[in-house]
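To start, the structure itself, in structure tokens.
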DNA sequence: CTGAAAGCGCTAACAG
DNA sequence: CTGTTAGCGCTTTCAG
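Protein chains in written order, with this note's numbering: chain X, 13 to 336; chain U, 13 to 336.
Written out as structure tokens, the structure is:
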């Protein structure tokens, strides 16, 4: 059409389709290049009904946990030609709603770590497939990859008690609705073991700031001086606790052990190195993606779905919980 | 049309446009919801010629530096309704090319940390606007946010020499083409000061592994036992060096100082805490985004552009370079 | 092997 | 305030 030559033969050339002579194809390609022609994704998307864009929701990319999730998910998705839109929701439900409703017209599916519940989700995104990455306890009719803290936490408590720890303090980051699922499992399992545990709740505002976490831990330890082990809501909290103990001259792990959750790289880097509960994020990302494909091909499985897979943690023992 | 009622009045309802009675609008909206109707992004994109999707290229989200860039960039872009496609290129030029040519049909602009040069870029993406985030030294006719290491490195060297350090070792991560720009600046500035510095090159393969970095540093120190300060290519390398020194019983900072580059959070968490060169990633992300908008509105500025803004580092002194 | 015609779902411009 | 018409750029028939 444009360049002296052909027409919608261009399609055949651009898309590597059969039924075109090498000559014309080469010619078309060359002209296309000269013209700096780029096919429009909209025209194509409209004509071919398939498409491959997924929205990933995480709470904060700056958190290595979510960065790793994003990295692995993008990799898995990319392998089969899917493209990933990433958004952060920064623990803010309002913002999450805006993000989701914008996703509703931009992607073919949504996955990730969502705050809102299924009912609100139905409102915002209709029957767009959504797969959550969430604590197992969370209900709902949509598919999800459930995180079961029980096996890991159980192993962790065994490890701590075998090491003679009896007064365990968990520093939780509660949700709006109360203790986090991590803390719930901790409470339940330690009660079952007859342990004298305490859960303190770190206010949200302190979250990213190590200094604030340190101060908070210092204060908690004044109230609970008998503490001989601290479990952090996650590795970053645990590292804050670790720093506080070290700087207060409390011997770790001799006088007090510290355990994190998530298995972030930072745990290897601090001194003493941090024991933690970790899991295979690559596998989790793969499961998320596969659940998404499943949801896409069968949007309304009979009787809802609930968890389609469950991930658990493995205890990695490093220096911070070593036994004397 | 569909639901007993209206037609393309739907448009007016869905898009909050004027010229529609509250009644009809409410009705349309309700029916749309019942029908789980979601407008197609393709139809819309085709009809309205504007659109707002940018591709962000980073080398590795797992690297906190890039995670922060992504986080900030997504935030800035989101503020004005842009949506961000994220891709990793893992230091692999082939992969980068695939990513870029796929981006060419998916986004309206590309920004980020690219390996390939402008000529190859022209080939892959035509006149799609691209803004790099790159070392100032890098040439090219496309716009970029240039990173100038000189002011920061200069401050760092002053700080180290004032602390009496004379034998500085830099652990570089070279590019295919030789020393990194960071190392080049280091070499130039330390030569100008008459310092006895050495640059050792960490093989790529070791990159993510702290243990490997530690071993490499141990070996480098055997060859250069007089070393009294180590500058890492980035914070992660510096932390590896720090760990090696500590575990080898070398007093930090008394016997040997350690300095990182990038200003990652991890620097605050290690013991002793890491001095580093940091910069304002939020501002850098904002500049990237704005340069992108500029490139979009004027794709071919007279005479190319080169750097459209320059970012520099600030020295943050923590324990690892403290003076006795 | 190449060309022509129709339509994907939406919005804009213009009537009614 | 609401309906009609045309066309965005591409792919898919179906003819030549």
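Glycine is no exception: its CB is placed at the ideal position from the N, C-alpha and C atoms. All values derive from a computational prediction rather than experimental measurement.
Contacts of residue i in chain X (Cβ-Cβ under 8 Å)
{"i": "residue 238 of chain U", "result": "Result: empty, since nearest Cβ-Cβ is about 26 Å, beyond 8 Å."}
{"i": "residue 266 of chain U", "result": "Under the 8 Å cutoff, chain X gives no residues; its nearest Cβ is about 17 Å from residue 266 of chain U."}
{"i": "residue 140 of chain U", "result": "50"}
{"i": "residue 53 of chain U", "result": "54, 57, 117 and 118"}
{"i": "residue 143 of chain U", "result": "None at all; the shortest Cβ gap to chain X is about 18 Å."}
{"i": "residue 210 of chain U", "result": "Simply none; closest approach about 25 Å."}
Proximity winner among the options, relative to residue i (alpha-carbon distances)
{"i": "residue 259 of chain U", "options": "U:222, U:103 and U:217", "result": "U:222"}
{"i": "residue 164 of chain U", "options": "U:150, U:132 and U:198", "result": "U:198"}
{"i": "residue 63 of chain X", "options": "X:36, X:140, X:94 and X:22", "result": "X:94"}
{"i": "residue 39 of chain X", "options": "X:49, X:25, X:52 and X:29", "result": "X:25"}
{"i": "residue 322 of chain X", "options": "X:332, X:299, X:226 and X:283", "result": "X:299"}
{"i": "residue 53 of chain X", "options": "U:135, U:51 and U:58", "result": "U:58"}
{"i": "residue 51 of chain X", "options": "U:115, U:88, U:92 and U:109", "result": "U:115"}
{"i": "residue 286 of chain X", "options": "X:265, X:41, X:91 and X:135", "result": "X:265"}
{"i": "residue 269 of chain X", "options": "X:280, X:284 and X:277", "result": "X:284"}
{"i": "residue 194 of chain U", "options": "U:175, U:208 and U:160", "result": "U:160"}
{"i": "residue 148 of chain U", "options": "U:334, U:332, U:333 and U:324", "result": "U:324"}
{"i": "residue 206 of chain X", "options": "X:108, X:110, X:150 and X:180", "result": "X:180"}
{"i": "residue 281 of chain U", "options": "X:302, X:263 and X:249", "result": "X:249"}
{"i": "residue 263 of chain X", "options": "X:334, X:302 and X:88", "result": "X:334"}
{"i": "residue 162 of chain X", "options": "X:90, X:204 and X:235", "result": "X:204"}
{"i": "residue 188 of chain U", "options": "U:231, U:267, U:105 and U:232", "result": "U:105"}
Amino acids of chain U, ordered along the chain, whose beta-carbon sits closer than 8 Å to that of residue i
{"i": "residue 255 of chain X", "result": "281 and 283"}
{"i": "residue 83 of chain X", "result": "72, 73, 74 and 100"}
{"i": "residue 222 of chain X", "result": "277, 280 and 281"}
{"i": "residue 251 of chain X", "result": "281"}
Burial state of residue i (16 or more Cβ within 10 Å)
{"i": "residue 47 of chain U", "result": "exposed"}
{"i": "residue 99 of chain U", "result": "buried"}
{"i": "residue 33 of chain X", "result": "exposed"}
{"i": "residue 376 of chain U", "result": "Residue coverage of chain U in this structure runs from 13 to 336, which leaves residue 376 of chain U outside it and unanswerable."}
{"i": "residue 296 of chain X", "result": "buried"}
{"i": "residue 390 of chain U", "result": "Coverage of chain U is limited to positions 13 through 336, which leaves residue 390 of chain U absent and any answer about it impossible."}
{"i": "residue 326 of chain X", "result": "exposed"}
{"i": "residue 29 of chain X", "result": "exposed"}
{"i": "residue 146 of chain U", "result": "buried"}
{"i": "residue 246 of chain U", "result": "buried"}
{"i": "residue 176 of chain X", "result": "exposed"}
{"i": "residue 67 of chain U", "result": "buried"}
{"i": "residue 243 of chain X", "result": "buried"}
{"i": "residue 80 of chain U", "result": "buried"}
{"i": "residue 88 of chain U", "result": "buried"}
{"i": "residue 92 of chain U", "result": "exposed"}
{"i": "residue 75 of chain X", "result": "buried"}
{"i": "residue 208 of chain U", "result": "exposed"}
Chain U residues whose Cβ lies nearer than 9 Å to that of residue i
{"i": "residue 86 of chain X", "result": "73, 98, 99 and 100"}
{"i": "residue 183 of chain X", "result": "Per Cβ cutoff of 9 Å: no residues; residue 183 of chain X is ~16 Å from chain U at best."}
{"i": "residue 173 of chain X", "result": "Near residue 173 of chain X there are no residues of chain U at all, since even the closest Cβ is about 28 Å away, more than 9 Å."}
Proximity test, residue i beta-carbon vs the ligand FAD heavy atom, cut-off 8 Å
{"i": "residue 166 of chain X", "result": "This structure simply doesn't include the ligand FAD, nor any ligand for that matter."}
Cβ distance (whole Å) where residue i is taken to contact residue j below 8 Å
{"i": "residue 22 of chain U", "j": "residue 44 of chain U", "result": "7 Å"}
{"i": "residue 178 of chain U", "j": "residue 240 of chain U", "result": "6 Å"}
{"i": "residue 130 of chain U", "j": "residue 158 of chain U", "result": "Contact flag wrong, Cβ pair sits at about 14 Å."}
{"i": "residue 166 of chain U", "j": "residue 201 of chain U", "result": "6 Å"}
{"i": "residue 251 of chain U", "j": "residue 229 of chain U", "result": "No, residue 251 of chain U and residue 229 of chain U are not in contact; Cβ-Cβ is about 11 Å, not under 8 Å."}
{"i": "residue 155 of chain U", "j": "residue 320 of chain U", "result": "5 Å"}
Where residue i meets chain X, residues with beta-carbon distance less than 7 Å
{"i": "residue 80 of chain U", "result": "74"}
{"i": "residue 342 of chain U", "result": "Chain U is shown from 13 up to 336; residue 342 of chain U falls before or after that span and cannot be answered."}
{"i": "residue 324 of chain U", "result": "None at all; the shortest Cβ gap to chain X is about 22 Å."}
Chain X residues whose Cβ lies nearer than 9 Å to that of residue i
{"i": "residue 123 of chain U", "result": "Near residue 123 of chain U there are no residues of chain X at all, since even the closest Cβ is about 14 Å away, more than 9 Å."}
{"i": "residue 258 of chain U", "result": "283"}
{"i": "residue 328 of chain U", "result": "Within chain X, no residue comes near residue 328 of chain U; the closest Cβ sits about 14 Å away, beyond 9 Å."}
Under 7 Å from the C-beta of residue i: neighbouring residues of chain U
{"i": "residue 335 of chain X", "result": "None at all; the shortest Cβ gap to chain U is about 21 Å."}
Checklist entry - Between the segment 125 to 135 of chain X and the segment 62 to 73 of chain X, do three or more beta carbon pairs fall short of 8 Å? => result yes
Next on the checklist: Between the segment 303 to 319 of chain U and the segment 169 to 182 of chain U, can you find at least three pairs of beta-carbon atoms closer than 8 Å?
Outcome noted: no
Checklist entry - Any contact of the segment 266 to 273 of chain X with the segment 281 to 290 of chain X, i.e. 3+ C-beta pairs under 8 Å? => result yes
Next on the checklist: Three Cβ pairs or more, each shorter than 8 Å: is that satisfied between the segment 130 to 145 of chain X and the segment 108 to 122 of chain X?
Outcome noted: yes
Checklist entry - Touch check for the segment 205 to 214 of chain X and the segment 175 to 193 of chain X: three-plus C-beta pairs under 8 Å? => result yes
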